[in-house]
Amino acid sequence: MAGLPLDTLIYAAGLLLTVGALAGGAWIGVAELRVRALRRSRLAGVAAGGAGGPVEKPTGALSGQVLATVRRLGQQSAVRDPAKVSVLRSRLTQAGFYAREAPVIFLGVKAAALAVATGAVILTLPMLLAHKGGSFGALGLAVGVSGAALYGPDFVLKSRKTTREREYSEGFPDLLDLLVASVEAGLSLDAAVNRVTEELERRYPNLTVHLRFLVLELRAGRARKDAWTAFADRLGIDDARALATMLRQAEDMGTSLGETLSVFSADMRSKRMLRAEEKALGLSAKLTVPLILFIFPSLLGALMLPAAARLMHVFGHGGGLPH
53 MAGLPLDTLI YAAGLLLTVG ALAGGAWIGV AELRVRALRR SRLAGVAAGG AGGPVEKPTG
113 ALSGQVLATV RRLGQQSAVR DPAKVSVLRS RLTQAGFYAR EAPVIFLGVK AAALAVATGA
173 VILTLPMLLA HKGGSFGALG LAVGVSGAAL YGPDFVLKSR KTTREREYSE GFPDLLDLLV
233 ASVEAGLSLD AAVNRVTEEL ERRYPNLTVH LRFLVLELRA GRARKDAWTA FADRLGIDDA
293 RALATMLRQA EDMGTSLGET LSVFSADMRS KRMLRAEEKA LGLSAKLTVP LILFIFPSLL
353 GALMLPAAAR LMHVFGHGGG LPH
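With my numbering as the guide, the letters of the sequence shown map in order to residues 53 to 375.
And the structure:
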C-alpha cells in the first residue's frame, strides 16, 4: 500500500464510494418499491372483497412508481417557487400539454434529470482522476450530460412551442376566411366558430384543439371577449391577439362583424404572402454556406482530379509533358 501512487489510491477510493452509494441507493429503492407494491396489492384485495378470490398482481408498478416520484419532486419544486407555476402552465399549454398536473410533472422531470446528471458526473470522477492531465472524453461526457439535464427539458418545450406556433400562423388566415364565409352566410360568430372547427380538423389538428376549448368556454357562458382573449393567450401568436382585440373593439363600438372580419382576413392573407416572399428572398443567402462547404469543393474536385491523375500518370513513367 505504501508503494501505490496517490492517484491510484484516490481513484480506488472514489470508485468504492461510488459503487457503494449506487448499491445502497438501488437496494433502498427496490425495497421501497416492493413494500409499496405489497401495500397496493393488499388494498386491492380488501377492495375486491378480501378472501373472495386471488389478488391480481398490479401492472405497471415500476412506471407508476417512477411517475409518482417525478410528481413528488415536481410538487416540491412548485411549493418552493409557486410564482412560476402559472407562467409555466401557460408555456406548457402553448406547447400542447393541457393536463392539470403538467407543470408539476415538468418540474419533476427537470429535478429528476438533474439528479441523474449528478450521478453521471459522480461516475465520471474516477475517469477524470485516472490520468494526471485529466480525461477530455470524461470531461466532455460530464459537460454534455449536465447541459442536457439543465437545458434539455426547456429546449424540448421551446421546440414544441415553435412548431405549433408555426402551424397556428399558417392556419390562421384559413380560419379567418372560413369565419368570414360563415358569418356572411348568416351564422352567428359562435356558430361560425363551431362550424370552422369541424372544417379545420384534418388540416390543422393542433389549432382545432384550441378552437374546441373556445367553443366550450362560449357554451359555458363565458363572455365573448374574455373567451377570445384566453384563446389568443393559449395560442401565443400576435395574429390571435390582434383578432381578440379587434373583436372586443367591434363589440364595444357596435360595428359590423362581417366587414371587420373581411378586412382583417385580407390583412392576414397579405401578411402570409409577405412572409412567403421573405423566405423566398432569404433562400439565396442561406444557400451560400452549403454552396461553399459542399457543392464548390465537389465541383472543384470533379474538374481538377482528371487533370491531376493525368499528370501523375505522365510523371510516374518518367516522361515529360506531352507535346
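We treat Cβ as the ideally placed atom computed from N, Cα and C, and that holds for glycine. Just so it is clear, the structure is predicted and the values come from calculations on it, not from any experiment.
Could you check what DSSP says for residue i in three-state terms: helix, strand or coil?
i	result
Leu339	coil
Arg152	coil
Gly192	helix
Gly105	With a pLDDT of 40 at Gly105, under the threshold of 50, the modelled position of that residue is not reliable, and no figure is offered here.
Gly334	coil
Assuming residue i and residue j are in contact, meaning their beta carbons sit under 8 Å apart, how far apart are those beta carbons, in whole angstroms?
i	j	result
Leu252	Gly223	7 Å
Pro155	Leu166	The Cβ separation is near 17 Å, so there is no contact.
Gln146	Arg276	With a Cβ gap of about 22 Å, Gln146 and Arg276 do not count as contacting.
Ala296	Thr281	5 Å
Ser211	Ile289	Contact doesn't hold; Cβ gap of about 16 Å is too wide.
Hey, would you say residue i sits closer than 9 Å to residue j, going by beta carbons?
i	j	result
Val173	Ala194	yes
Asp291	Lys323	yes
Leu309	Leu241	yes
Ala284	Leu270	no
Arg255	Asp226	yes
Lys162	Ala201	yes
Go through its chain and collect everything with a Cβ distance to residue i's Cβ below 7 Å, but skip five positions before and after it.
i	result
Leu228	Leu313, Phe316, Ser317 and Met320
Ala244	Leu231, Ser234 and Val235
Thr249	Thr260, Leu263, Arg264 and Val267
Gly368	none
Between which residues of its own chain and residue i is the CB-CB distance below 8 Å, once the five residues before and five after are set aside?
i	result
Phe158	Gly126, Leu140, Leu144, Phe149, Pro205 and Leu209
Arg216	Gln146, Ala147, Gly148 and Asn258
Arg247	Leu230, Ser234 and Leu239
Val345	In the sequence as displayed, the identity of residue 345 is Leu instead of Val. There are no such residues.
Ala151	Ile157
Leu352	none
Ignore the nearest five residues each way along the sequence and tell me which others in residue i's own chain have a CB closer than 6 Å to its CB.
i	result
Val232	Leu313, Ser314 and Ser317
Val51	Absent from the structure is residue 51, since the part of the chain shown begins at 53 and ends at 375.
Lys213	Gln146 and Ala147
Asp304	none
Ala337	none
What are the uninterrupted segments assigned as alpha helix (DSSP H) that are 4 or more residues long and contained completely in the segment 238-325, given in chain order?
-> 241-251, 257-271, 276-287 and 290-305
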